[in-house]
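Oh and the sequence shown: position 155 is 157 in the working numbering, straight run, nothing missing. Heads up, the thing below is written out as structure tokens.
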Amino acid sequence: MRDTECPNTQRVRVAPIREFGKYLRSSGYADAYVVNNKTCRKQTRTIPHFFTDDEIIQFFNACDTLVPRKENPVRHLVLPMYFRMLYCCGVRTSEARLLLRRNVNLQGGYIDIIHSKGPKDRRLFLPEDLRLLYLKYDAVIENIFPDRTYFFPVKAHSCYQSESIGPNFNKIWRAAGLGNESGSKARAYDFRHHFAFATLNRWIKEETDVNSMLPYLVRYMGHACLESTFYYLHLVPEFFTTFSEKTKILEGLLPEVDQYEE
């Protein structure tokens, strides 16, 4: 499995190969290889946790109290800035984790996401307050790891592994005294869901023309189509009705699709 994909995405990619193997067997090629059904089995869709304002505040307060560890002397500096990127920019956890230092331009105020899902490359401009935080952060990390490879390093030329993000998030979540009273179990990836929901909700409250702005959100989040972004909204029924009314003009532009695989 690729380092940047989830089990559902793997299933979508491997399923045609399994079907081709089944076709070959049905055509008389008895020794044709068929991918195991377990590999292609659809994964259970996790219900995202939508953070409350208090949870966001408590989580980042806990982030800012982290301490260094002998095996990871920059942990207390990196993780607060890593999770702030997820929250402020809605990037995928792998996109932030694998972000190269050379693809960050803090003077220009943007980062380049390279070789990711959807449209493979995209440039994201940072909120000004986040850019200013990163200028200070980058100077400190650069003194510790000159010419580092990753923007969020563990060591000079290594970054966090995919399996380490969840445990680190959970430790901070518990340290903040948070549970799951406001919904399903919280995960680091839920910052991406929260970003989409919060952005669209803000536009509607400000009476912004959602129809004209939505394509920008689709591109910013690295989605290939509008339907991919809509997925994040149908999980919030009380919001989706209002959003649907605002985007009726787009209905004729959206093709019929099967359930979206993130």
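Ideal Cβ positions, reconstructed from N, Cα and C, are used throughout, including at glycine.
If we count the other Cβ atoms within 10 Å of its Cβ and call it buried at 16 or more, is residue i buried or exposed?
{"i": "residue 223", "result": "buried"}
{"i": "residue 67", "result": "exposed"}
{"i": "residue 146", "result": "exposed"}
{"i": "residue 104", "result": "exposed"}
{"i": "residue 150", "result": "buried"}
{"i": "residue 174", "result": "buried"}
{"i": "residue 117", "result": "exposed"}
{"i": "residue 21", "result": "exposed"}
{"i": "residue 159", "result": "exposed"}
{"i": "residue 141", "result": "exposed"}
{"i": "residue 53", "result": "buried"}
Excluding the five sequence neighbours on either side, which residues of its own chain have a C-beta within less than 6 Å of the C-beta of residue i, listed in chain order?
{"i": "residue 49", "result": "186"}
{"i": "residue 78", "result": "68, 69 and 70"}
{"i": "residue 177", "result": "64"}
{"i": "residue 95", "result": "167, 190 and 191"}
Might you give, ordered along the chain, the residues of its own chain that have their beta carbon closer than 7 Å to the beta carbon of residue i, omitting 5 neighbours on each side?
{"i": "residue 87", "result": "93 and 98"}
{"i": "residue 84", "result": "98 and 154"}
What residue range is occupied by the uninterrupted beta strand (DSSP E) comprising residue i?
{"i": "residue 124", "result": "124-127"}
{"i": "residue 114", "result": "112-115"}
In the DSSP output, which residue or residues are listed as bridge partners for residue i?
{"i": "residue 102", "result": "152"}
{"i": "residue 160", "result": "157"}
{"i": "residue 94", "result": "None; residue 94 has no bridge partner."}
{"i": "residue 107", "result": "112"}
On the DSSP letters alone, give me the boundaries of the alpha helix (DSSP H) that residue i sits inside.
{"i": "residue 55", "result": "55-65"}
{"i": "residue 50", "result": "Premise fails: residue 50 is in no alpha helix (DSSP H) and is neither H nor E."}
{"i": "residue 36", "result": "No alpha helix (DSSP H) contains residue 36, which DSSP labels as neither H nor E."}
{"i": "residue 209", "result": "Element bounds for residue 209: n/a, residue is neither H nor E."}
{"i": "residue 130", "result": "130-146"}
If you drop the 5 nearest sequence neighbours on each side, which residues of the same chain put their C-beta closer than 8 Å to that of residue i?
{"i": "residue 60", "result": "178, 179 and 180"}
{"i": "residue 102", "result": "116, 151, 152 and 153"}
Is there a Cβ from chain D that is less than 8 Å from the Cβ of residue i?
{"i": "residue 60", "result": "This model lacks chain D altogether; it includes just one protein chain."}
Quick test of your reading: residue i and residue j, contact by CB under 8 Å. State the CB separation rounded to the nearest angstrom.
{"i": "residue 171", "j": "residue 89", "result": "Not really, about 11 Å apart at Cβ, beyond 8 Å."}
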